Amino acid sequence: MTYNIAILGASGYTGAELVRIIATHPSMRIAALSADRKAGMAMRDVFPHLAHLDLPDLVRIEELDFATIDLVFCALPHATSQAVIRDLPRDLKIVDLSADFRLRDAAAYEKWYGKPHAAPELQREAVYGLTEFYRDALKSARLIAGTGCNAATGLYSLLPAIRAGVIGLDDIIIDMKCAVSGAGRSLKENLLHAELSEGYHPYAAGGTHRHLGEFDQEFSLAAGRPVAVQFTPTLMPANRGILSASYVSGDAQAIHDAMRAAYADEPFLHVLPMGQVPSTRHVRGSNFVHLGVVAERAEGRATIYAALDNLTKGSSGQAVQNANLALGEVETAGLMLAPVFP
Numbered sequence: 001m002t003y004n005i006a007i008l009g010a011s012g013y014t015g016a017e018l019v020r021i022i023a024t025h026p027s028m029r030i031a032a033l034s035a036d037r038k039a040g041m042a043m044r045d046v047f048p049h050l051a052h053l054d055l056p057d058l059v060r061i062e063e064l065d066f067a068t069i070d071l072v073f074c075a076l077p078h079a080t081s082q083a084v085i086r087d088l089p090r091d092l093k094i095v096d097l098s099a100d101f102r103l104r105d106a107a108a109y110e111k112w113y114g115k116p117h118a119a120p121e122l123q124r125e126a127v128y129g130l131t132e133f134y135r136d137a138l139k140s141a142r143l144i145a146g147t148g149c150n151a152a153t154g155l156y157s158l159l160p161a162i163r164a165g166v167i168g169l170d171d172i173i174i175d176m177k178c179a180v181s182g183a184g185r186s187l188k189e190n191l192l193h194a195e196l197s198e199g200y201h202p203y204a205a206g207g208t209h210r211h212l213g214e215f216d217q218e219f220s221l222a223a224g225r226p227v228a229v230q231f232t233p234t235l236m237p238a239n240r241g242i243l244s245a246s247y248v249s250g251d252a253q254a255i256h257d258a259m260r261a262a263y264a265d266e267p268f269l270h271v272l273p274m275g276q277v278p279s280t281r282h283v284r285g286s287n288f289v290h291l292g293v294v295a296e297r298a299e300g301r302a303t304i305y306a307a308l309d310n311l312t313k314g315s316s317g318q319a320v321q322n323a324n325l326a327l328g329e330v331e332t333a334g335l336m337l338a339p340v341f342p
């Protein structure tokens, strides 16, 4: 069976990544693409690297006919998604890539995003899109809330150890290096080449990053009690990729064993041999996550490393993986492309 797919917000980085992946998907067909400022343009003019594909032109959302659409990927900005999704047909399957439905608690959403949720009834319906931990619920979901890319990296690093009870819960520090495409495609002065290159820039320091809401939600659920981690992201002068180092207390071998047990049958999560560390260059352009555990010289201390591509496994690849589950397709369909190296 072939499913007709619409991508809302197709002129952004995650929209282009969705097109790149779905273009070779065995059972998905891109039937509609929407944009705001670039409505009326051909996709090849917005993204020349997609010029070889036969794609519909970009139109405004209000011009779309959803009667023949089976699933919508919503790659719109935060706060815009909830208003748009609220008005979509109720029989339509939706995978949202924004932050609008990630937090189950309406009060938590208001705390981290500074405004009340516009569709709280849908917020309660949404299934959190961390595929490997919510697989069964995703199979029957109508509305799927994709994770934040930083959040996914930290959650893959720490959830197995928290669930296994092999690390301390009150002294977790997550140090994350993040590529510039995670900030989106809109023009920003601090993302100009002269401002960004040849330097590293911590941001959202002091516990202000919005993905902390996802960490609080998921780590506390896994632990059965409140867990508040320390998290600092740093912008690095690279186009794609996230490299996370999580500093924890616990026995390194026990942590490694817990991670290997949790991910033994996962097609996209690869645990490296004990003591090896991952690199963003080894997952670039792919849906794979590489994870490593290193024992530190201080007894009872370890570092858990994770590397993923923020646009693929951190966002659009994850979205396609979840869509496969929601449509009853093979979970890995369209996603086994090898990383791009060098």
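All residue numbers for the sequence shown refer to full-length UniProt numbering, where the first residue is 1 and numbers rise by one. Each residue gets a CB set at the ideal place from its N, CA and C atoms; glycine is no exception. These figures come from a predicted structure and were not determined experimentally.
The continuous beta strand (DSSP E) containing proline 233 extends over residues 230 to 236. Going by beta carbons, proline 278 and alanine 307 fall inside the 8 Å limit. In the three-state reduction of the DSSP assignment, lysine 188 falls in the coil class.
Look at lysine 313 here: in three-state DSSP terms it is helix. Under DSSP, glycine 292 takes part in a beta bridge, and its partners are Tyr305. Taking each of Glu331, Leu169, Tyr247 in turn and checking the Cα distance to glycine 292, the smallest one comes out for Tyr247. Annotated three-state conformation of aspartate 100 is coil, per DSSP.
Here glycine 114 is actually not in contact with cysteine 149; their C-beta atoms are around 21 Å apart, not less than 8 Å. Here the alpha carbons of arginine 185 and serine 197 stand approximately 17 Å from one another.
For arginine 44, there is no enclosing beta strand (DSSP E); the residue is part of the alpha helix (DSSP H) that begins and ends at 43 to 46. Under the DSSP definition of a beta bridge, lysine 111 lacks any partner.
Assignment of serine 220 by DSSP, reduced to helix, strand and coil, places it in the helix class. The segment 310 to 324 makes contact with the segment 130 to 140, as at least three CB pairs between them are under 8 Å. Distance between aspartate 45 and proline 56, taken at the CA atoms: about 12 Å.
Between alanine 23 and isoleucine 5, the gap from beta carbon to beta carbon reaches 8 Å or more. In the three-state DSSP reduction, isoleucine 173 falls in the strand class (E or B). Relative to the Cα of proline 77, the nearest Cα in the group Thr14, Gly213, Ala151 belongs to Thr14. Going by DSSP, asparagine 287 is part of no beta strand (DSSP E) at all; its letter is neither H nor E. DSSP lists Phe73, Ile144 as the beta-bridge partner residues of valine 95.
Using a Cβ distance threshold of 8 Å, alanine 161 and glycine 250 count as a contacting pair. The beta carbons of valine 340 and glycine 300 sit no closer together than 8 Å.
Taking 8 Å as the cut-off, the beta carbon of isoleucine 167 is found no closer than this to the beta carbon of glutamine 230.
In the DSSP assignment, methionine 274 falls outside any beta strand (DSSP E) and carries neither an H nor an E.
Ranked by Cα distance from alanine 107, the options Cys74, Gln123, Ala151 are led by Gln123.
As the crow flies, the alpha-carbon of glutamine 82 is around 11 Å from that of arginine 102.
By the criterion of a C-beta distance shorter than 6 Å, tyrosine 156 is surrounded in its chain by Val289, Ala306, once the five residues flanking it on both sides are discounted. Exposed is the label assigned to lysine 188, since fewer than 16 other Cβ atoms lie within 10 Å of its Cβ. Looking at the DSSP output, isoleucine 30 bridges to Ile5. Distance from the CA atom of leucine 8 to the CA atom of alanine 35, rounded to whole angstroms, is 7 Å. About 34 Å separates the beta carbons of leucine 169 and alanine 118, which is beyond the 8 Å limit, so they are not a contact pair.
Taking threonine 68 as reference, the option from Lys93, Ala79, Leu58, Val84 with the minimal CA-CA separation is Lys93.
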